[in-house]
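Have a look at the structure below before the remarks.
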Amino acid sequence: MRLLRQDLHTLTGAYALDALEEGGELTRFNRHLSRCQSCASEVRGFREVATAMAFAATTEPPPGMRDQVMAAVARTRQLPPEIRTHARPRRTRSAAPWIPWLSGAIAMAGIVIAVLFGFANAHTQDELNRAREQNQALAAAQARVEAELSQARAHDQALAKILGAPHVTLLSQATTKGGVAVVVLDAAKRQLVVATSGLPALPPGKVYQLWLIGPVKIVSAGLLPEAQGGVTSPVVATGIVKGDKLGLTVEPAPGTKQPTTTPILALPLPV
Amino acid sequence: MNPSDSDASRFTPATADRRGERDLDDLLVHVARGDQVAFEALYDRMVGPVYGVIRRVLRDPSQSEEVAQEVLLEVWRTAARFDPAVGGAATWVATIAHRRAIDRIRSTTAAADREHRSADVSPPHDEVAEAVEASLDRERVRRCLDSLTEMQRESITLAYYGGHSYRQVAELLNVTLGAIKTRIRDGLIRMRDCLGVS
Chain B
3 MRLLRQDLHT LTGAYALDAL EEGGELTRFN RHLSRCQSCA SEVRGFREVA
53 TAMAFAATTE PPPGMRDQVM AAVARTRQLP PEIRTHARPR RTRSAAPWIP
103 WLSGAIAMAG IVIAVLFGFA NAHTQDELNR AREQNQALAA AQARVEAELS
153 QARAHDQALA KILGAPHVTL LSQATTKGGV AVVVLDAAKR QLVVATSGLP
203 ALPPGKVYQL WLIGPVKIVS AGLLPEAQGG VTSPVVATGI VKGDKLGLTV
253 EPAPGTKQPT TTPILALPLP V
Chain Z
89 MNPSDSDASR FTPATADRRG ERDLDDLLVH VARGDQVAFE ALYDRMVGPV
139 YGVIRRVLRD PSQSEEVAQE VLLEVWRTAA RFDPAVGGAA TWVATIAHRR
189 AIDRIRSTTA AADREHRSAD VSPPHDEVAE AVEASLDRER VRRCLDSLTE
239 MQRESITLAY YGGHSYRQVA ELLNVTLGAI KTRIRDGLIR MRDCLGVS
């Protein structure tokens, strides 16, 4: 039986309760979910309901279980963070709002790339445009990218490829508070450039602080500059080690030595 | 740390106060860095719901213990893959727990047992109502389940606590697949609003 889109959409509830059986329907729904922002957010809400139901079912575990688990933990290696070469906007954004968002991401990427390629002062859209005029190659590359992307929707890989810099990876990820961080990662040199767009404004006395969250330690990667027109100018972070994630937290000015709040972004850095 | 600054968790206040929930997210971040003390604290907070939901689905105490141990170890092993953008730490852990219980029940070895079990599913509403001495969580969930239609309530509890697929729920309640899909979804929407999930 072929399922209509509407039928798929109503499966959000069953999916969130793990009530879809393995097989075609689950596969089709997963595919649908990756393209349907409203479905993904509905599933998220339903999972929270399920979590409340799990808490409501709270039961005292058998004695001795804690010791057994802790013993197992002591001899079990942890897995490294999942390596993602691109962010997952597809999971959270539907097809329609994708294109304008993508253009924004490309513009942002243009900014960070411009910096990476030596346009050190190109940190506003105007300056980027000027840089574009000055550098037709970059502009042409971007135009090609934009055309290609609207078809391929594999923005980061395509961008990196077309810009002819195989060691540079473009990553982007939405924060849990809204807005998006765009990162150009130079894995070979273990450095990155990050800029953000659309982060919520902070009350006075608060700053956004970047972190390299590693398997062993967390180091500060500096503060985000104040946004202008919703966009923060690029920040360079160096000394990335394997397993690091780029984290972003809200901290009291002028920043802290270690994060004191939950990261609103934790972007794995494939180096 | 000023708790009002770390409102990154989208987690529902349904299960705990918001501050408690944020702490859980922080704990998981520390666990991801190999902090066993943080894991112990996380364990103490989550073991009740983890074991409880698995026990609801599997019923058998020794199988439940086994699966709960696997789940908690999986939390330790894969903590670095927790993505706060997708939901809070409690939801991440509870989702793993429920899914592993379902995996177990849908595995072939459990199939025979399950046939037997599905016959004696007691009215799910009573199962929840049983636990009256219950915590605030329990009370809230019960109150919200009460606000559903009987069909919605039965569909949701048979699926989540009973571990049945929606196809099986449709068979048990003798209604069409389409009707079950809709009832589960409509019921969850009402639950979500009732629990104040954003």
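Those protein sequences? They're chains B and Z, same order as listed.
According to the working numbering, the stretch in the first sequence is residues 3 to 273, in order.
According to the working numbering, the stretch in the second sequence is residues 89 to 286, in order.
Ideal Cβ placement from N, Cα and C applies to all residues, glycine included.
What you are looking at is a predicted structure, and each value in this text was computed from that prediction instead of being measured.
Contacting residues, own chain, Cβ-Cβ under 8 Å from residue i (five flanking each side not counted)
i: residue 164 (chain Z); result: 119 and 127
i: residue 188 (chain Z); result: 142, 155, 158, 159 and 162
i: residue 247 (chain Z); result: 253, 254, 257 and 272
i: residue 212 (chain B); result: 196, 222, 223, 224, 225, 226, 237, 239, 248, 249 and 250
Which of helix, strand or coil DSSP assigns to residue i
i: residue 47 (chain B); result: helix
i: residue 195 (chain B); result: strand
i: residue 239 (chain B); result: strand
i: residue 222 (chain B); result: strand
i: residue 151 (chain Z); result: helix
i: residue 284 (chain Z); result: coil
i: residue 57 (chain B); result: helix
i: residue 24 (chain B); result: coil
i: residue 66 (chain B); result: coil
i: residue 79 (chain B); result: coil
i: residue 195 (chain Z); result: coil
i: residue 179 (chain B); result: coil
i: residue 153 (chain B); result: Low confidence applies to residue 153 (chain B): its pLDDT is 42, below 50, so where it sits in the model is not reliable enough to give any reading.
i: residue 204 (chain B); result: coil
Whole-angstrom distance between residue j and residue i, CA atom to CA atom
i: residue 139 (chain Z); j: residue 193 (chain Z); result: 15 Å
i: residue 71 (chain B); j: residue 229 (chain B); result: 46 Å
i: residue 192 (chain B); j: residue 173 (chain Z); result: 25 Å
i: residue 156 (chain Z); j: residue 256 (chain B); result: 43 Å
i: residue 63 (chain B); j: residue 190 (chain B); result: 48 Å
i: residue 103 (chain Z); j: residue 188 (chain B); result: Low confidence applies to residue 103 (chain Z): its pLDDT is 40, below 50, so where it sits in the model is not reliable, and the reading given next is rough at best. Straight-line Cα distance between these residues: approximately 42 Å.
i: residue 270 (chain Z); j: residue 264 (chain Z); result: 10 Å
i: residue 225 (chain Z); j: residue 137 (chain Z); result: 11 Å
i: residue 254 (chain Z); j: residue 150 (chain Z); result: 26 Å
i: residue 177 (chain Z); j: residue 113 (chain Z); result: 5 Å
i: residue 217 (chain B); j: residue 50 (chain B); result: 28 Å
i: residue 175 (chain Z); j: residue 46 (chain B); result: 7 Å
i: residue 13 (chain B); j: residue 60 (chain B); result: 27 Å
i: residue 53 (chain B); j: residue 146 (chain Z); result: 17 Å
i: residue 209 (chain B); j: residue 125 (chain Z); result: 29 Å
i: residue 122 (chain Z); j: residue 80 (chain B); result: 7 Å
i: residue 206 (chain B); j: residue 258 (chain B); result: 16 Å
i: residue 31 (chain B); j: residue 38 (chain B); result: 10 Å
i: residue 25 (chain B); j: residue 152 (chain Z); result: 25 Å
i: residue 56 (chain B); j: residue 234 (chain Z); result: 17 Å
i: residue 263 (chain B); j: residue 259 (chain Z); result: 48 Å
i: residue 9 (chain B); j: residue 75 (chain B); result: 43 Å
i: residue 230 (chain Z); j: residue 144 (chain Z); result: 15 Å
i: residue 191 (chain Z); j: residue 183 (chain Z); result: 12 Å
Sequence-distant residues of its chain with Cβ nearer than 7 Å to residue i (five each side left out)
i: residue 177 (chain B); result: 183, 201, 250, 266 and 267
i: residue 116 (chain Z); result: 130, 167, 170 and 177
i: residue 232 (chain Z); result: 279, 282 and 283
i: residue 41 (chain B); result: 11, 14, 34 and 35
i: residue 242 (chain B); result: 192, 193, 194, 214, 271 and 273
i: residue 48 (chain B); result: 14, 15 and 18
i: residue 260 (chain B); result: 220
i: residue 28 (chain B); result: 22
Residue i, buried or exposed, once every other Cβ within 10 Å from all chains shown has been counted against 16
i: residue 240 (chain Z); result: buried
i: residue 181 (chain B); result: buried
i: residue 185 (chain Z); result: buried
i: residue 235 (chain B); result: buried
i: residue 73 (chain B); result: exposed
i: residue 275 (chain Z); result: buried
i: residue 195 (chain Z); result: exposed
i: residue 90 (chain Z); result: Note that residue 90 (chain Z) has pLDDT 42, beneath the 50 cutoff, so the model's placement of it is unreliable and the number below is only indicative. So residue 90 (chain Z) ends up on the exposed side.
i: residue 238 (chain Z); result: exposed
i: residue 228 (chain Z); result: buried
i: residue 198 (chain B); result: buried
i: residue 203 (chain B); result: exposed
For residue i, the residue or residues it bridges with in DSSP
i: residue 174 (chain B); result: B:184
i: residue 189 (chain B); result: Answer is none; residue 189 (chain B) lacks a bridge partner.
i: residue 71 (chain B); result: DSSP, once it has assigned bridges, lists no residue as partnering residue 71 (chain B).
i: residue 260 (chain B); result: Looking at the DSSP assignment, residue 260 (chain B) forms no beta bridge with any residue, so it has no partner.
i: residue 252 (chain B); result: B:210
i: residue 268 (chain B); result: B:249
i: residue 234 (chain B); result: B:198
i: residue 215 (chain B); result: B:220 and B:247
Contact test: residue i Cβ vs the ligand SAH heavy atom, cutoff 8 Å
i: residue 227 (chain B); result: As presented, the structure is devoid of all ligands, the ligand SAH included, so that no description of it is given.
Close Cβ partners of residue i (< 6 Å) along its chain, the five nearest in sequence each way excluded
i: residue 209 (chain Z); result: Any reading at residue 209 (chain Z) must be qualified, since the residue scores a pLDDT of 41, below 50, and its modelled position is unreliable; no value is offered.
i: residue 134 (chain Z); result: 181
i: residue 243 (chain Z); result: 257, 268, 271 and 272
i: residue 245 (chain B); result: 82, 216 and 217
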